[in-house]
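Protein chains: 4
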Amino acid sequence: MSHKAIILGASGYTGAELVRLISTHPSIDIVALSADRKAGMEMAEVFPHLRHLDLPKLQKIDEIDFNRANIVFCALPHATSQAVIRTLPADIKIIDLSADFRLRDPEAYEAWYGKPHSAIDLQEEAVYGLTEFYRDEIEGARLVAGTGCNAATGQYALRPLIEAGVIDLDEIIIDLKAAVSGAGRSLKEMLLHAELSESVVPYSAGGKHRHLGEFDQEFSKLAGREVKVQFTPHLIPADRGILVTAYVKGDPNEIHKTLADAYGDETFLQVLPFGELPQMKHIRGSNFCHLGVAGDRLPGRAIVVAVLDNLTKGSSGQALQNANLMLGEEETAGLTLAPVFP
Amino acid sequence: MSHKAIILGASGYTGAELVRLISTHPSIDIVALSADRKAGMEMAEVFPHLRHLDLPKLQKIDEIDFNRANIVFCALPHATSQAVIRTLPADIKIIDLSADFRLRDPEAYEAWYGKPHSAIDLQEEAVYGLTEFYRDEIEGARLVAGTGCNAATGQYALRPLIEAGVIDLDEIIIDLKAAVSGAGRSLKEMLLHAELSESVVPYSAGGKHRHLGEFDQEFSKLAGREVKVQFTPHLIPADRGILVTAYVKGDPNEIHKTLADAYGDETFLQVLPFGELPQMKHIRGSNFCHLGVAGDRLPGRAIVVAVLDNLTKGSSGQALQNANLMLGEEETAGLTLAPVFP
Amino acid sequence: MSHKAIILGASGYTGAELVRLISTHPSIDIVALSADRKAGMEMAEVFPHLRHLDLPKLQKIDEIDFNRANIVFCALPHATSQAVIRTLPADIKIIDLSADFRLRDPEAYEAWYGKPHSAIDLQEEAVYGLTEFYRDEIEGARLVAGTGCNAATGQYALRPLIEAGVIDLDEIIIDLKAAVSGAGRSLKEMLLHAELSESVVPYSAGGKHRHLGEFDQEFSKLAGREVKVQFTPHLIPADRGILVTAYVKGDPNEIHKTLADAYGDETFLQVLPFGELPQMKHIRGSNFCHLGVAGDRLPGRAIVVAVLDNLTKGSSGQALQNANLMLGEEETAGLTLAPVFP
Amino acid sequence: MSHKAIILGASGYTGAELVRLISTHPSIDIVALSADRKAGMEMAEVFPHLRHLDLPKLQKIDEIDFNRANIVFCALPHATSQAVIRTLPADIKIIDLSADFRLRDPEAYEAWYGKPHSAIDLQEEAVYGLTEFYRDEIEGARLVAGTGCNAATGQYALRPLIEAGVIDLDEIIIDLKAAVSGAGRSLKEMLLHAELSESVVPYSAGGKHRHLGEFDQEFSKLAGREVKVQFTPHLIPADRGILVTAYVKGDPNEIHKTLADAYGDETFLQVLPFGELPQMKHIRGSNFCHLGVAGDRLPGRAIVVAVLDNLTKGSSGQALQNANLMLGEEETAGLTLAPVFP
């Protein structure tokens, strides 16, 4: 059976990535694409790399007949997302890629995003979309909240360790290196080639990055107590990819074993042999996450390194993986493309 | 039915790209991989981006049982390639990605490659692998010679124009911009990040690049007279992709129409509307070739711009496309992955 | 004696480059900097790489006392530039880096820039700023028009050849590869890292690029007849640098000798031995232009390759070189910094 | 008075950088250049960006008359360096850029570099070359050991804090991002453009990087007790630059004040206002080090970020700064070039 999908916000990078991935999916068809400011244009004009595909024209959201579809991918900016999603038919499944439904607590939402949530009932209903850890809930969900791409990477590195209690919960540092597409196709000076190439740029340092809201929520829930990590993201001159270097205290071998055991059956989460660390380029364009653990010369200390493609496993690939679960399809359908290297 | 494939020279970029593409192919299995100097290693050690795949270990060529396979992809260096291919069983289909069987004329081979051909009977037998123009021969061939990646790009831009006689055959200039993976995974100073980033490097200028042998052979054959183009390749700081800017004399609209007509039914050859020119990034990681034509302010002059991914449409994707024909499979099987952008 | 300089439009890349170069100049002090939208800010906020310098705050133009200075560098957008320059005191020397005074013919200006020139008397007075060819006029000028960066590169490759009559004037093709800073610090999608990295983008193809106005004017004047070149610029993923590949007809050795003779006494124009071609990275951050000539296998054809840094020799370095002449200083003062490699 | 300098190992990046910097120095002339495998070649053949300079030919070391010089810059590989330096005349001043004389303790040298030191008397004599902290010793030294480039960056971030006792000495983590030229002009697969672009590569993790030897020595000496930091370097796709993100425990404002006070009079060490963090690109090609401090949301935690150019302040610029001191010249001579941005 073929599913009918709508992508809202198709003129951004995550929208384009959804189209790319769905184009090889065996049982999902795209029936509508929205992009308010580019309504009326062909997708090939906005993203010439998709010109070989037979795609619907871009429309305004209010021109779309949602009854034609059984699943909606919502790649709109946060705040816009909650306003739109509350107007959708009740029987349609929704995967939101914005930040709007990631945080369970309305106060936490307001604290991190600067205004009250306007759809608190939906916020309650939404399931957090980190697939490997919320599979059962996602299968039965109507509304799934895609995670932050940085938040996903950090959680893949740390969740099993926090849950198993093999690391010191008060001494977790996440130093993150992020490629530029995570910031979207937005016209900001720091995203210009001339500004970013040959550079490394720390940003939102000191506990200001919004994905901390997700870390706080998830890690505290796992630990059964408050867990607050230290988190510094850095923009690096690359297009796709996130590399997390997590500094933790605990027994390195136990840490490695805990991760390897937790992910042993996971298709997309690949744990390298102890002492080997992954490189960012080795997952580009794919839904894989590579993880590695190395001990330090200082006893009781280790680093955990995790890499994934922010546009794939970090957002659109994750969204499709969740859609597969929600639609009763094979979880990996359309997602087993090998990374593009070099 | 499932085909059994062997890849010789699997430790280079074209070998890895073959594995990537075949991993999504519905009916080809890889049964052996060779890499003489890395024999005994896992492919994941040589190319960690392929670690999720269940692949045979790398072997020496003489350890491989060729009877297990019905098709061999030979990604060895030229000269080595002819020596190896002549030893293969007679009933196995072979796609050679080296330069060894591209030129029909033994003298031309010797002139461009600096030594006599050692397998002239095979050279005679081989079919030139530019799929869209040699489909019938490829379908029935035992040995297909993959084209040069630069040679493929230039030919896609120019063959229909030369054949139709709509451009001046004595005034063709090909200015080519090539990403670095075309040079392979070889340790050369000019391929270092520190040397190439922020640079553009003209090389083999003045008629010295070996792919001129292919241009001469194919263009002259098409025209029924000697055609010699002027050709300057430039290395640019990118990993994948070739952009050809071909300067021709003729009526721009007729040139565009000729190309658009010639490629109208081709899946992988996409001609943009008149006046629009393609960008290199828009085909990255895919088997597509985008083409555009623009007229000049000087009457009777035009540029034709063609872009493709040297590792995909320029070599390993082409090889798989040819394999599909040789094996009686759908020509596009395993090759319709959308480009990875950004 | 120390000269007093004002830089108008200091918040752009050419403005910052002027500051960088003047900071090592033995006899020029910067007394005022303008940037209308950023007035009131410190230069270090706009360009943190200049934070070690003791610079005046950014001001609005009308806040500046021009009597404090004897030279003005005007790095404003075209059209704005003519409006501002006509209001400056008559006794101040001016180097304009915009396109406003490059073309001598008001009709040509209107044709290329889309509106009539509003300061035709200044247009008449202005001297074209290609230093090595207009030294005498520049020395005595009050107003010098900096050349286009692409226009400068193409002219260094071709002027001596056109003047000497050693190439066919009707068969000149300029294929140009330009780094991204030539487009300035402007927020355009095509200038984003995510769009440009790993790409090559032809633009303004077919005779639409405005620097053709300069080529037409200068080459025709040199030849004493109309000369119209074919010109295709390509944006490449680098920050600084222009590489011109000029395709010409003529005797390669004569072409090389003509260039080598013409530039033998020039500090900044370095002609490589016959057959050697320059690389873009080898002039980065400097005022040098490297040139090379190679013959083709087709008799009577050659390529001339020229590279320079668009922000230095292509604009701000050229401006300072001209300022040195206008101020009676050593022409090379502040300009002999070696390229930064790698 | 003019000094006469010899550069040994001039065919590497640090050698070329020395030539670049000395070329604008008012009182140092280069009288000889060595490069054993490239002896007989012109420097312009090895480094075309230096072709405008009038430089001696490359020679073998044993062809050089050391009596012509009063200072030697030794940019040879470690181990080679100690062998060569012990043969130099006793009255010549020497700045060694290798690792050979950085560690005071022969056992530490052997532990980190894998073989015994062969010139222990010189090791004792050598002064550690971190200019701002060893000025007096360097002024009077005959042999100065240039620091590791990573080691320099980490020390600029941390020395005043350790000395002042404002951070917890047992909880220091240095996460470092290094551009590729720090690895030299060596032919290694991981340094290829195709491998490094679009990637981030952690290396020597877990306490294996040799620069830890310098951290241990210097930090322990400052603290008067053993101090061992955790240190993870990452290779990033850029040519020049190091960015250190140091995670420390202490009062953020006190940390900032300590750094700002310590470096208030230093020309090259620029401390940004509290809460602002430096970017790697803003010091490219210069001898400046920018530093910033930000507090964390977790009380008593801070990050210190330091950036410098590994080839300039991290090696060759440091070497020239030390040479100035040793020769009685102005410390900043030849080193005040502004960074090249973009």
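Chains as they are written, first to last, in numbering that gives the first Met the number 0: chain A, 0 to 341; chain P, 0 to 341; chain C, 0 to 341; chain Y, 0 to 341. Glycine residues also receive a C-beta, built at the ideal position from the N, C-alpha and C atoms.
{"query": "Is Pro236 (chain C) close to chain P, meaning its C-beta is less than 8 Å from at least one C-beta of that chain?", "result": "yes"}
{"query": "Between which two residues does the alpha helix (DSSP H) carrying Phe218 (chain P) extend?", "result": "His210 to Ala222"}
{"query": "What first and last residue would you give for the beta strand (DSSP E) that runs through Val303 (chain Y)?", "result": "Arg300 to Leu307"}
{"query": "For Arg239 (chain A), tell me which candidate among C:Pro272, C:His192, C:Glu217 and C:Gly240 has the shortest Cα-Cα distance.", "result": "C:His192"}
{"query": "Check the DSSP bridge columns for Leu290 (chain A) and list the partner residues they point to.", "result": "A:Val270 and A:Ala305"}
{"query": "Anything in chain Y within Cβ reach of Ser180 (chain P), meaning under 7 Å, just list it in chain order.", "result": "Ala193"}
{"query": "Residue ranges of each beta strand (DSSP E) run of no fewer than 3 residues wholly in the region 235-264 of chain C, ordered along the chain?", "result": "241-248"}
{"query": "Quick one: is Val339 (chain A) near chain P, going by C-beta distance under 8 Å?", "result": "yes"}
{"query": "Can you tell me whether Ile27 (chain C) is buried or exposed, with buried defined as 16 or more other CB within 10 angstroms of its CB?", "result": "buried"}
{"query": "Inspect the beta-carbon positions of Leu307 (chain C) and Gly313 (chain C) and report whether they are closer than 8 Å.", "result": "yes"}
{"query": "Pull up the DSSP beta-bridge partners for Val230 (chain C), would you.", "result": "A small correction: the amino acid at residue 230 (chain C) is Phe; Val does not occupy that position in the sequence shown. Paired residue(s): C:Ile173."}
{"query": "Considering only the beta carbon of each residue, do Ile137 (chain C) and Val71 (chain C) sit closer than 8 Å?", "result": "no"}
{"query": "Can you tell me whether DSSP reads Lys3 (chain Y) as helix, strand or coil?", "result": "strand"}
{"query": "Counting only the same chain and skipping the five closest in sequence on each side, list residues whose C-beta sits under 7 Å from that of Pro76 (chain P).", "result": "Ser97"}
{"query": "What does Ser33 (chain P) pair with, by DSSP beta-bridge criteria?", "result": "P:Leu7 and P:Gln58"}
{"query": "Under 7 Å between beta-carbons, which chain A residues line up against Ala293 (chain Y)? List them in chain order, please.", "result": "Ala204 and Gly205"}
{"query": "Excluding five sequence neighbours on each side, which residues of the same chain lie with their C-beta closer than 6 Å to the C-beta of Val199 (chain C)?", "result": "His233 and Ile235"}
{"query": "So, using beta-carbon positions, are Val45 (chain Y) and Ile166 (chain Y) closer together than 8 Å?", "result": "no"}
{"query": "Would a check of beta-carbon distances place His208 (chain A) closer than 8 Å to chain Y?", "result": "no"}
{"query": "So with Cβ pairs under 8 Å, would you call Ile254 (chain C) a contact of chain P?", "result": "no"}
{"query": "Specify whether the region 179-190 of chain P and the region 245-259 of chain P touch according to this definition: at least 3 beta carbon pairs, one from each stretch, less than 8 Å apart.", "result": "no"}
{"query": "Please identify the residue among P:Gly284, P:Leu160, P:Ser80 and P:Asp104 whose C-alpha is closest to the C-alpha of Phe340 (chain A).", "result": "P:Gly284"}
{"query": "Do you know offhand how far Gly274 (chain P)'s Cα is from Asp215 (chain C)'s?", "result": "23 Å"}
{"query": "Going along the chain, which residues of its own chain have a beta-carbon closer than 7 Å to the beta-carbon of Val30 (chain C), five neighbours each way excluded?", "result": "Lys3, Ala4, Ile5, Pro55, Arg67 and Ala68"}
{"query": "Assign Pro298 (chain C) to buried or exposed, taking buried as 16 or more other Cβ atoms, counted over all protein chains shown, within 10 Å of its Cβ.", "result": "exposed"}
{"query": "Would you list the one or two residues that DSSP bridges to Lys92 (chain C)?", "result": "C:Ile70"}
{"query": "Which residues mark the beginning and the end of the beta strand (DSSP E) in which Ala144 (chain A) is found?", "result": "Leu142 to Ala144"}
{"query": "Looking at the strands, I want to know which residues DSSP matches up with Tyr112 (chain C).", "result": "Looking at the DSSP assignment, Tyr112 (chain C) forms no beta bridge with any residue, so it has no partner."}
{"query": "How long is the line joining the alpha carbons of Ala144 (chain A) and Val292 (chain A), rounded to whole angstroms?", "result": "29 Å"}
{"query": "Is Leu32 (chain Y) near Leu57 (chain Y), with beta carbons less than 8 Å apart?", "result": "yes"}
{"query": "Leaving out five residues on either side along the sequence, give the residues of the same chain with a beta carbon under 6 Å from the beta carbon of Glu16 (chain A).", "result": "Leu310 and Ser315"}
{"query": "Starting from Met325 (chain C) and walking both ways along the alpha helix (DSSP H), at which residues does that stretch end?", "result": "Gly316 to Met325"}
{"query": "Determine the contact status of Ile94 (chain P) and Asn321 (chain P), defining contact as a CB-CB distance below 8 Å.", "result": "yes"}
{"query": "Going along chain C in order, which residues have a C-beta closer than 7 Å to the C-beta of Val304 (chain P)?", "result": "Pro201"}
{"query": "Taking Cβ to Cβ, would you say Tyr112 (chain Y) is nearer than 8 Å to Arg209 (chain Y)?", "result": "yes"}
{"query": "Please say whether Val304 (chain Y) and Pro277 (chain Y) have beta carbons closer to each other than 8 Å?", "result": "yes"}
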